[in-house]
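When you line the sequence shown up against my numbering, it's residues 52 to 292, in that order. Note that beta-carbon positions come from the ideal geometry of N, C-alpha and C, so glycine has one too. Accompanying notes for the structure given below.
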Amino acid sequence: MSQATFRRVVLKLSGESFGGGSVGVDPDVVQAVARQIAAGVAEGVQVAVVVGGGNFFRGAELQRRGMDRARADYMGMLGTVMNCLALQDFLEKEGVDTRVQTAIAMAQVAEAYLPLRAIRHLEKGRVVIFGAGAGMPYFSTDTVAAQRALEIGAQEVLVSKNGVDAVYTADPKTDPDAQRLDDITFDEALKRELMVVDQAAFSLCKDNALPMRVFGADDDGNLRRALVGDQIGTLIHAAED
Numbered sequence: 052m053s054q055a056t057f058r059r060v061v062l063k064l065s066g067e068s069f070g071g072g073s074v075g076v077d078p079d080v081v082q083a084v085a086r087q088i089a090a091g092v093a094e095g096v097q098v099a100v101v102v103g104g105g106n107f108f109r110g111a112e113l114q115r116r117g118m119d120r121a122r123a124d125y126m127g128m129l130g131t132v133m134n135c136l137a138l139q140d141f142l143e144k145e146g147v148d149t150r151v152q153t154a155i156a157m158a159q160v161a162e163a164y165l166p167l168r169a170i171r172h173l174e175k176g177r178v179v180i181f182g183a184g185a186g187m188p189y190f191s192t193d194t195v196a197a198q199r200a201l202e203i204g205a206q207e208v209l210v211s212k213n214g215v216d217a218v219y220t221a222d223p224k225t226d227p228d229a230q231r232l233d234d235i236t237f238d239e240a241l242k243r244e245l246m247v248v249d250q251a252a253f254s255l256c257k258d259n260a261l262p263m264r265v266f267g268a269d270d271d272g273n274l275r276r277a278l279v280g281d282q283i284g285t286l287i288h289a290a291e292d
């Protein structure tokens, strides 16, 4: 890939999507995701992935049911690793070399997270999947996606959503007056308290002028389109000078 067309991205996938609406992993869903990522890689895009763990555990939800938040978050981190391994398996079945790096050491199943090693894998055309969140409680995988993108020098954070195709002024499922936003600044998103991603992720991207694109994953082919840079969903960006 020439320098003029060089593209490196971090793709954030929800754990809930991996479960197909239930607890666990739906192989058909993960296979479909892997095929679209493989198509993006085939077009020369360097792809790193962050996967949530909501199809297994959600720390905040477990806390509301009486569990210690830190312990619940660690359980959620382990759930993300299960999703990472599932995605790795299906990507390799598509012929894509893949590495899983985790923020919690588990040498028998994954590499330790090392930004420079991750960059080297990407340069060799491998997909890198980041698991176990930040390795610390109280951090969402949205925030981790932004942080990893900054460390590996990604050009964009791509946030895949199920059930919605972009950012709206309100929840389009409950508010018929909700307006679709094709383009918005991080300042506006924070001011309006748009909850499409964690606000800490918005702040990280804003402070470092790292663009974020939020798009719907329900339409077949949207993941590949986002990876290769098609203008879908909503672009969230720093304010222009």
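Unbroken alpha helix (DSSP H) run spanning residue i, endpoints
i	result
S254	250-258
A240	237-242
P78	78-93
A268	Here A268 belongs to no alpha helix (DSSP H), and DSSP marks it neither H nor E.
Beta-ladder partner(s) of residue i, from DSSP
i	result
M263	V208, I287
G182	T153
K224	None, per the DSSP bridge assignment.
V98	V60
A163	T153
Inter-residue Cα distance where the pair is residue i and residue j
i	j	result
G105	I155	18 Å
R275	G284	13 Å
R168	I180	12 Å
V80	G70	8 Å
A121	A183	13 Å
L129	R116	19 Å
V92	L209	15 Å
D258	L278	23 Å
V248	D228	21 Å
V60	I287	15 Å
R243	G146	43 Å
A289	F237	6 Å
A240	D234	10 Å
M52	A161	Bear in mind that the predicted position of M52 carries a pLDDT of just 46, short of 50, making it unreliable; the figure below should be weighed with that in mind. Rounded to whole angstroms, M52 to A161 spans 28 Å at the Cα level.
Q230	M157	45 Å
As assigned by DSSP and simplified to three states, the class of residue i
i	result
Q230	coil
F69	helix
E112	helix
V218	strand
E174	helix
V74	coil
Q282	coil
D148	coil
N213	coil
Y189	coil
With 16 other Cβ atoms within 10 Å as the buried cut-off, status of residue i
i	result
T225	exposed
K144	exposed
Q87	buried
T194	buried
T56	exposed
K212	buried
Y189	exposed
V263	In the sequence as presented, Val is not what sits at residue 263; that position holds Met. Buried: at least 16 other Cβ atoms inside 10 Å.
K175	exposed
M133	buried
G204	exposed
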